[in-house]
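A.B. asks: Sequence positions in the sequence shown follow my numbering and run 9 to 201.
Heads up, the beta-carbon is just placed ideally off N, CA and C, and yes, glycines get one too.
In this text the structure is predicted, and so the values were computed from the model without any measurement.
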Amino acid sequence: MYQSTTLEERLAALVRSSAELMAALSAARSLGLGSWCIGAGAVRTLVWDALHGHAVPTPLADVDLVYYAPDAPPQRDPQLEARLRMAMPSLAWEVTNQAHVHTWFMREFGREVAPLLSLEDGVSTWPEYATCVGVSLEDGDAIRVIAPHGLEDLFALRVRHNPARADIDTYRQRVASKRFAQRWPLLVIASLQ
């Protein structure tokens with residue numbers, strides 16, 4: 009008898025199939041953060057490579073570990089990055105406390121934004137809906153999926169601009185610089201207008 013699988017279950021199975029991502033999740037879990045995930049490109053690339061049948065994984069520019077800790081000092085992010093680099097030096101780690109994003113967003117992107125209220129709130133603002141996905145490794149090794157906009161765009165190979173924080177120019181630049189269409193030719197990329 010055929011048994012349907014949810015997109016969340018499919019994603020968890022893909023994560024489990026990646027020794028490198030599982031090791032990264034284990035390293036991240038060892039930091040003891042309360043609310044965290046590895047997301048964005050690491051997850052998107054894993055899924056799109058699988059859906060394109062790529063035998064060799066696309067190299068990652070970085071691995072984004074995001075967490076939410078309003079009381080943590082800003083210098084905690086580089087300290088956590090250093091610990092992760094010691095645990096897995098082969099990965100380019102980028103650690104960001106979502107509770108502090110509003111303090112540097114103006115400097116980095118030229119506009120003021122309201123503080124984020126949770127990890128999920130932060131993930132929901134990433135530039136493309138297909139990228140607004142994170143995974144974490146819970147005690148007992150259960151995979152937790154964080155997908156505030158769902159997983160449909162990710163698994164449908166659909167790239168659409170999320171206007172929550174990224175303007176259309178940022179979206180255009182990302183689509184071009186990340187070479188989405190060249191790396192994954194089955195993608196349907198929403199108009200850049």
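Whose CA, out of R52, A138, P82, H157, lies closest to the CA of L68?
C.D. replies: Along the sequence shown, one-based indexing puts residue 68 at 60. Comparing Cα-Cα distances from L68 to each of R52, A138, P82, H157, the minimum goes to R52.
A.B. asks: Need the endpoints of the alpha helix (DSSP H) that L92 sits in, please.
C.D. replies: Sequence index remark: in the sequence shown, residue 92 carries index 84 (1-based). Start and end: 84-95.
A.B. asks: Enumerated in chain order, which unbroken segments of the alpha helix (DSSP H) with a length of 4 residues or greater are wholly contained in the stretch 89-166?
C.D. replies: 109-117, 127-131, 160-163
A.B. asks: Only counting runs of 4 or more residues, tell me where the alpha helix (DSSP H) segments fall wholly within the stretch 34-84, in order along the chain.
C.D. replies: Those alpha helix (DSSP H) runs which fall completely within the stretch 34-84 and span 4+ residues are 49-60.
A.B. asks: Between which two residues does the alpha helix (DSSP H) harbouring S185 extend?
C.D. replies: Counted from its first residue, the sequence shown places residue 185 at position 177. Bounds of the alpha helix (DSSP H) holding S185 are 176-185.
A.B. asks: Under 8 Å: do the stretch 46-62 and the stretch 84-93 share three or more Cβ pairs, one atom per stretch?
C.D. replies: No, the stretch 46-62 is not in contact with the stretch 84-93.
A.B. asks: Buried or exposed: where does G42 fall if 16 or more other Cβ atoms within 10 Å of its Cβ makes it buried?
C.D. replies: Position 34 of the sequence shown, counted from the start, is the residue given in the question as residue 42. So G42 ends up on the exposed side.
A.B. asks: Does the Cβ-Cβ distance between W44 and A32 come in under 8 Å?
C.D. replies: Locating residue 44 in the sequence shown gives position 36, where the first residue counts as 1. Locating residue 32 in the sequence shown gives position 24, where the first residue counts as 1. Against a cut-off of 8 Å, the Cβ pair of A32 and W44 comes out as no contact.
A.B. asks: In or out: G130 buried (at least 16 other Cβ within 10 Å) or exposed?
C.D. replies: Residue mapping note: residue 130 aligns to position 122 of the sequence shown, counting from 1. Buried: at least 16 other Cβ atoms inside 10 Å.
A.B. asks: Would you call A107 buried or exposed, if buried means 16 or more other Cβ atoms sit within 10 Å of its Cβ?
C.D. replies: Here the question's residue 107 lines up with position 99 in the sequence shown. Classification for A107: buried.
A.B. asks: Apply the 10 Å Cβ neighbour rule to V109 and answer buried if 16 or more other Cβ atoms are within range, or exposed otherwise.
C.D. replies: Numbered from its first residue, the sequence shown carries residue 109 at position 101. With 16 or more Cβ atoms within 10 Å of its Cβ, V109 is classed as buried.
A.B. asks: Thinking C-alpha only, which one of V141, A150, G61 is nearest P193?
C.D. replies: In the sequence shown, residue 193 corresponds to position 185, counting from 1. Among V141, A150, G61, the Cα nearest to that of P193 belongs to G61.
A.B. asks: Quick check: E136 and R168, are their CB atoms within less than 8 Å of each other?
C.D. replies: Stepping through the sequence shown from its first residue, residue 136 is reached at position 128. Stepping through the sequence shown from its first residue, residue 168 is reached at position 160. In this structure, R168 lies closer than 8 Å to E136 by Cβ.
A.B. asks: Tell me where the alpha helix (DSSP H) around L22 begins and ends.
C.D. replies: The sequence position of residue 22 within the sequence shown is 14, counting from 1. Residues 15-25.
A.B. asks: Please classify L73: is it buried, with 16 or more other beta-carbons within 10 angstroms of its beta-carbon, or exposed?
C.D. replies: Position 65 of the sequence shown, counting from 1, holds the residue named residue 73. L73 should be labelled buried.
A.B. asks: Can you tell me where the alpha helix (DSSP H) holding A189 begins and where it ends?
C.D. replies: As a first step, residue 189 must be located in the sequence shown, where it is residue number 181. Unbroken alpha helix (DSSP H) run through A189: 188-191.
A.B. asks: Which residues in the same chain as G40 place their Cβ atom closer than 7 Å to its Cβ, once the five residues preceding and following it in sequence are excluded?
C.D. replies: On the sequence shown, position 32 is the one that residue 40 refers to. Around G40: no qualifying Cβ.
A.B. asks: By how many angstroms is the C-alpha of R166 removed from the C-alpha of L125?
C.D. replies: Numbered from its first residue, the sequence shown carries residue 125 at position 117. Numbered from its first residue, the sequence shown carries residue 166 at position 158. Rounded to the nearest angstrom, the two C-alpha atoms are 27 Å apart.
A.B. asks: What's the C-alpha gap between D63 and H157?
C.D. replies: For the purposes of this step, residue 63 is taken as the residue at position 55 of the sequence shown. For the purposes of this step, residue 157 is taken as the residue at position 149 of the sequence shown. First, the amino acid is wrong: residue 63 is Ala here, not Asp. Going by the C-alpha atoms only, they are around 29 Å apart.
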